[in-house]
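See structure below.
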Amino acid sequence: GKVIDAKGEGAYSEYLYLRLYQSYDFSPHLAFEERLSNLWAEMRFVPFDWLSGTMEAEYNPHRRRLDLFNAGVSIVDRRGDHLGVEYRFTEEEVEELNAELKIHTIEPLDLFFSYRHNLLDDVRIETVYGLDYRHQCWEISLRLYDINRSPEGLRDNEIKVMVYITLSGIGRFRVK
Numbered sequence: 002g003k004v005i006d007a008k009g010e011g012a013y014s015e016y017l018y019l020r021l022y023q024s025y026d027f028s029p030h031l032a033f034e035e036r037l038s039n040l041w042a043e044m045r046f047v048p049f050d051w052l053s054g055t056m057e058a059e060y061n062p063h064r065r066r067l068d069l070f071n072a073g074v075s076i077v078d079r080r081g082d083h084l085g086v087e088y089r090f091t092e093e094e095v096e097e098l099n100a101e102l103k104i105h106t107i108e109p110l111d112l113f114f115s116y117r118h119n120l121l122d123d124v125r126i127e128t129v130y131g132l133d134y135r136h137q138c139w140e141i142s143l144r145l146y147d148i149n150r151s152p153e154g155l156r157d158n159e160i161k162v163m164v165y166i167t168l169s170g171i172g173r174f175r176v177k
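Counting from 2, one number per residue, gives the positions in the sequence shown under the numbering used here.
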C-alpha cells in the first residue's frame, strides 16, 4: 500500500510477499508421478514497522506430507529492542524451537540472549549470551556459547567464547 511520509511524498511498503513454485521434469525415463518436484512456498510479511514474519514450506506430493516447514516472527521496538521466535522442522531430522532477545540498555550497549531447543529429543541445543558495544564506525561483540552435548553422545558439552569486530564499510572479523 501507498504510505505518505513526513515530507508528504508517497512511499510504497511491501506488506506481504508470497512465492509458490514447483518444477516438472520432462525426462522420458521417469514415471509420470515422479516428474513433479516438491511444491515450495515462501512468505514474508511486515504488517507493521515493529512486526515481521517469515515462513517456508516444502510439500512432497508423492508422500503427501510436509518435508520442511520453518516459520518465525520478530518484534522490534523504537529503542531497537528485538524479540524473535522461530520454529524449524525437517522431516525425520530437525524439529526445534529457537528464541532470541536483544535489549538496548544504554547508548552504545546492547545485551543479547538466544536459546535453541531440540523438540525431537527434548534437549537444549545451545544458549548464547552476548554483549555488543557500538561506536561511530566500529562495533565489538562478545558472545559466550554454551553448547549442549548431542543427544546421541557424539559431541560433549562445549563452552565457546567469540569476539566479533565490525568496521563500517569493511565487514566483520571473528576471533575464537
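Every residue, glycine too, gets a C-beta built ideally from N, C-alpha and C.
Query, Result
"May I ask which residues mark the beginning and end of the beta strand (DSSP E) holding N71?", "R66 to V77"
"Assign D111 to buried or exposed, taking buried as 16 or more other Cβ atoms, counted over all protein chains shown, within 10 Å of its Cβ.", "buried"
"If you draw a straight line from the C-alpha of R64 to the C-alpha of Y22, how long is it?", "18 Å"
"To the nearest angstrom, how far is it from the Cα of D78 to the Cα of E59?", "32 Å"
"Among G9, Y134 and S28, whose alpha-carbon lies nearest the alpha-carbon of H105?", "Y134"
"So for F33, helix, strand or coil by DSSP?", "helix"
"Return the chain-ordered list of same chain residues with a C-beta closer than 7 Å to the C-beta of L37, the five sequence neighbours on each side being excluded.", "Q23, Y25 and P62"
"Pick out whichever of H83, L102 and T91 has its Cα sitting closest to the Cα of E57.", "T91"
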